[in-house]
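**Student:**
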Amino acid sequence: MFALVDCNNFYVSCERAFQPRLEGKPVVVLSNNDGCIVSRSAEAKALGIRMGTPYFQARPVLDQHQGYAFSSNYALYGDMSRRVMGYLAEVAPEVEVYSVDEAFLNLTGMEQWQGDLEAYGRRIQAGIRQYVHLPTCVGIASTKTLAKLANHVVKKSTAHHGVLCLDSPEQCRWALEQVAAADVWGIGRQQAARLQAHGITTAAELAEVSEAWARRHLGGVVGARLVRELQGQACLELTPSDDALPQRHSIAHTRSFGTPLTAYQPLLGAVAAFATRAAEKLRRQNSAVNILTVFLSKNRHGSAPAPHTTSATLNLPAATSDTAELIRYARTALKRIWQPGSAYKKAGVVFAGLETAGAQQLNLFEASGQTAQRVRLMAELDRLNAHYGAGTVGFATALPGKGENWSGKKDLRTPAYTTCFKELWCIHMDGGFL
DNA sequence: TCTGGGGTCCTAGGACCC
DNA sequence: TCTGGGGTCCTAGGACCC
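With the UniProt record's numbering, the residue at position 271 of the first sequence is 271, and numbering never jumps.
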């Protein structure tokens, strides 16, 4: 049996954990650059505010109902997530951290709870509520896809108080009937439309199609697997997340600008800064990169015709994780695509073709590859920035020039209560200060 | 005025090989 | 008039996820 533990309205709930006055109020959290709405409280959802809505569009209705909006505070959400996952690791035999706010648990062999896994789910829910102060829902079933589905059912209903265990065929059948095919894990917009065209609208109907049909109409093996999972036959294994950070196969840092950039120099600064951030992520997972892409995007929503994005990809002569080297390559790529007079709204640096650092295939014709000295320099850079704060030491190219500002808006950010000494949670009592 | 960011997996089709 | 039959590898792009 698998469980899916999912924090409700995660970003909003993190903000509420430190600001109880937000309980019962419409609350939203915004994406980078205060652009879109990416998390909504139940009250905000009830106002008809949809996921991904531009903030400026939702703002009137939010203001009208005395709602609150916050810039995203990733330091806070990341730390709250670590606390949740830490708790789960203590109470479950195997945990797969699936995203910042959800995790799969493998419940195989939990004899002491057999017959009452729902009680186990409730214990987890209460534990997270007590220790991390976050609301969760727990879905339990024989496959990951059904656990997801159970979780979806409890999120929508008040009857189950956030925990549902599908431990009989009747329970499964009932749950499948509650869920639209479009809401099944792995069914996106395209597939949902295709299903609809074939008269399949509920998860129960989807669970009844033949394997051949699924292969043909739902994207080959993925579709066949999905249907089997709905039928209760586990095809997806749990991949336990150990203490090590997950190994990414690609690493990117991309951002929209507060105001569009046209001139080369500030764009170079931004791209260098993005390459710096991506290189830090790269070294954190002990990888080196072979393929580097830089892209620039113009305003997607303006009148200009597509394409809005141009990119350049370089195959590096040897894998590296050296920030200085990567900034040089990023500059080369940028020069290829930058066009004078264009106003760019967004840029990004993407690393692909990752391999373990130190195991690089050396280039036969060039004496390249990182020297031990450069590796030590990068390690020291990371150490200083970890100890004294991000951006303490860096490369001049990656600094904004005089009067330049490429960072996005973040006007409504709350303090990093749990990860920054300067922003620690303060409690005021009787006008005094604790 | 204002519209996010970072991933994964799979498939189709082209290039190339014998 | 007519134009083989398998393979492998790589890449671009689609679809999906949170």
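A virtual CB, placed ideally from N, CA and C, is assigned to each residue, including glycine.
#1: If you draw a straight line from the alpha carbon of Phe365 to that of Arg328, how long is it in whole angstroms?
#2: Would you report the Cα separation of Ala367 and Pro317, rounded to the nearest angstrom?
#3: If you follow the alpha helix (DSSP H) that Gly121 is in, where does it begin and where does it stop?
#4: Measure from the alpha carbon of Ser81 to the alpha carbon of each residue in Val61, Leu334, Asn9, then state which is nearest.
#5: Taking only runs that begin and end inside the segment 53-117, name each unbroken beta strand (DSSP E) of 3 or more residues, in chain order.
#6: DSSP beta-bridge partners for His253?
#7: If you reduce the DSSP assignment to three classes, tell me which class Ile427 lands in.
#8: Provide the residue span of the beta strand (DSSP E) that contains Asp6, from first to last.
#9: So Val271 packs on Ala330, CB below 8 angstroms; how close in whole Å?
#10: So, using beta-carbon positions, are Pro144 and Phe2 closer together than 9 angstroms?
#11: For Met85, collect the residues of the same chain with a Cβ closer than 8 angstroms to its Cβ; drop the 5 residues on either side in sequence, then sort them by chain order.
#12: For Asp411, is the classification buried or exposed, using 16 other Cβ atoms within 10 angstroms of its Cβ as the cut-off for buried?
#13: Per DSSP, what kind of secondary structure is Arg40 in: helix, strand or coil?
#14: Please name the residue in Gly24, Gln114, Ala207 whose C-alpha comes closest to that of Cys165.
#15: Counting C-beta neighbours from all protein chains within 10 Å, is the total for Asp322 16 or more, i.e. buried, or is it exposed?
#16: On the CB-based measure, 16 or more other CB atoms within 10 Å of its CB, does Ala58 come out buried or exposed?
#17: Report the residue from Ala319, Leu105, Thr310 whose alpha carbon sits nearest the alpha carbon of Leu334.
#18: According to DSSP, is Ala357 helix, strand or coil?
#19: Would you report the Cα separation of Thr254 and Met429, rounded to the nearest angstrom?
#20: Could you give the residue range of the beta strand (DSSP E) that holds Val29?
#21: With C-beta atoms as the reference, is Leu326 less than 9 angstroms away from Thr293?
#22: For the segment 230-240 against the segment 186-193, do three or more pairs of beta-carbon atoms, one drawn from each stretch, fall closer than 8 angstroms, so that the two count as touching?
#23: Around the Cβ of Phe56, are there at least 16 other Cβ atoms within 10 angstroms (buried) or fewer (exposed)?
#24: Using the three-state DSSP reduction, which class does Val227 fall into: helix, strand or coil?
#25: Apply the 10 Å Cβ neighbour rule to Gly67 and answer buried if 16 or more other Cβ atoms are within range, or exposed otherwise.
#26: For Val271, report the span of its beta strand (DSSP E) as first-last.
#27: For Ala357, which option in Gln247, Gln125, Leu384, Leu62 has the closest C-alpha, if you only look at C-alpha atoms?
#28: Who does Cys165 pair with in a DSSP beta bridge?
#29: With three or more beta-carbon pairs closer than 8 angstroms as the criterion, would you say the segment 38-52 touches the segment 20-30?
#30: Can you give the beta carbon distance from Ala252 to Ala278, rounded, assuming they're within the 8 angstroms contact cut?
#31: Where does Ile200 fall in DSSP's three states?
#32: Below 9 angstroms between beta carbons: does that hold for Asp6 and Val138?
#33: Residues in the same chain with beta-carbon distance under 6 angstroms from Leu226, minus the five sequence neighbours each way, listed in chain order, please.
#34: How long is the line joining the alpha carbons of Ala263 and Asn405, rounded to whole angstroms?
#35: Give me the residue from Val163, Thr136, Lys156, Tyr74 with the minimum Cα distance to Asp116.
#36: In chain order, which alpha helix (DSSP H) runs of at least 4 residues are fully inside the segment 387-416?
**Tutor:** Concretely, from the data shown:
#1: Unreliable placement is indicated for Phe365, whose pLDDT of 49 sits below 50; the coordinate value is still reported in the next sentence. Distance between the alpha carbons of Phe365 and Arg328: 20 angstroms.
#2: Because Ala367 carries a pLDDT of 49, less than 50, the predicted location of this residue cannot be relied on, and the following value inherits that uncertainty. Using only the alpha carbons, I get a separation of about 10 angstroms.
#3: 117-131
#4: Asn9
#5: 68-70, 94-99, 102-106
#6: For His253, the pairing in a beta bridge is given by DSSP as Val349.
#7: coil
#8: 2-7
#9: With a contact defined as Cβ atoms closer than 8 angstroms, Val271 and Ala330 qualify at about 5 angstroms.
#10: A small correction: the amino acid at residue 144 is Lys; Pro does not occupy that position in the sequence shown. It is a contact, given that the beta carbons lie within the stated cut-off.
#11: Val95, Val97, Ala103, Ser241
#12: exposed
#13: strand
#14: Gln114
#15: Buried, by the Cβ-count rule.
#16: Counting C-beta atoms within 10 angstroms of its own C-beta, Ala58 has 16 or more neighbours from the protein chains shown and is therefore classed as buried.
#17: Thr310
#18: If DSSP states are grouped into helix, strand and coil, Ala357 belongs with coil.
#19: If I take the Cα positions, the gap works out to 43 angstroms.
#20: 27-30
#21: No, they are not a contact pair.
#22: Contact fails: fewer than three Cβ-Cβ distances are below 8 angstroms.
#23: exposed
#24: helix
#25: buried
#26: Note, Val271: premise wrong, no beta strand (DSSP E); alpha helix (DSSP H) at 264-284.
#27: Residue Gln247 is the option with its Cα nearest to Ala357.
#28: Ile140
#29: yes
#30: The distance from the Cβ of Ala252 to that of Ala278 is about 6 angstroms, consistent with a contact at the 8 angstroms cut-off.
#31: coil
#32: yes
#33: Gly186
#34: 12 angstroms
#35: Val163
#36: none
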